[in-house]
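Numbering (this note's numbering), first residue to last: 68 to 265.
To start, the structure itself, in structure tokens.
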């Protein structure tokens, strides 16, 4: 990377790890490729997004190499390109992990990206979508046992037919109860009860 990564993110080298992440997330939201679909600036935005990703990765690598706080292995692959995202998933910071993953341009999405996106989808309960991503990760890197284990686990759940997709199909009993409970609460807030409202 030719430019100073801190300059790319618009922050000082003395910024805390949280300030680095906040700056990255703000820029990732601004230049996310989805914001520029069917726009003449889409190529420029994708280049900018790649520069932002490279800068963030460089800062994370430098800080881990220098022994600064935030280095986490947690049993995951030591040579991971996306150690920060793995850490977020491990800490159940699913939304943060998904923002970072979705900010990576499609041409830069490697097998680890598909594995981590599958992990996020799995934690959200979208098992069919997780299965598809794990399957892609395994196809891209067939010898990776971490990816294979995740794929096999979701495959076993799929056999039961109790999985949910992003579209919400296949809702289970918990979803139905939660929906009814929320409906009851809403009706009570509006001065009635569930029976009369429905």
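Where a beta carbon is used, it is the ideal one built from N, C-alpha and C, also for glycine.
Here the structure is a predicted model, which means the values were calculated and not measured.
Distance, residue j Cα to residue i Cα
| i | j | result |
| --- | --- | --- |
| residue 96 | residue 197 | 23 Å |
| residue 82 | residue 130 | 11 Å |
| residue 200 | residue 170 | 17 Å |
| residue 123 | residue 71 | 11 Å |
| residue 101 | residue 89 | 20 Å |
| residue 210 | residue 204 | 10 Å |
| residue 107 | residue 219 | 42 Å |
| residue 78 | residue 104 | 28 Å |
| residue 54 | residue 212 | Not covered by the structure: residue 54. The range shown for the chain is 68 to 265. |
| residue 163 | residue 87 | 13 Å |
| residue 222 | residue 202 | 10 Å |
Neighbour-count burial assignment, residue i, 16 or more Cβ in a 10 Å radius
| i | result |
| --- | --- |
| residue 111 | exposed |
| residue 165 | buried |
| residue 217 | buried |
| residue 158 | exposed |
| residue 155 | buried |
| residue 85 | exposed |
| residue 186 | buried |
Nearest-angstrom Cβ-Cβ length linking residue i and residue j, presumed shorter than 8 Å
| i | j | result |
| --- | --- | --- |
| residue 91 | residue 80 | In fact, because the Cβ distance is near 15 Å, the residues do not count as touching under 8 Å. |
| residue 190 | residue 161 | 5 Å |
| residue 148 | residue 179 | 6 Å |
| residue 184 | residue 168 | 5 Å |
| residue 119 | residue 98 | 6 Å |
| residue 182 | residue 224 | Not really, about 17 Å apart at Cβ, beyond 8 Å. |
DSSP state of residue i mapped onto helix, strand, coil
| i | result |
| --- | --- |
| residue 83 | coil |
| residue 78 | coil |
| residue 141 | Any reading at residue 141 must be qualified, since the residue scores a pLDDT of 33, below 50, and its modelled position is unreliable; no value is offered. |
| residue 118 | helix |
| residue 94 | helix |
| residue 219 | helix |
| residue 211 | coil |
| residue 171 | coil |
| residue 157 | helix |
| residue 107 | coil |
Candidates the options, of which the one nearest residue i by Cα
| i | options | result |
| --- | --- | --- |
| residue 75 | 94, 209 and 194 | 94 |
| residue 117 | 207, 175, 209 and 200 | 175 |
| residue 173 | 202, 109 and 128 | 109 |
| residue 177 | 150, 104, 163 and 207 | 207 |
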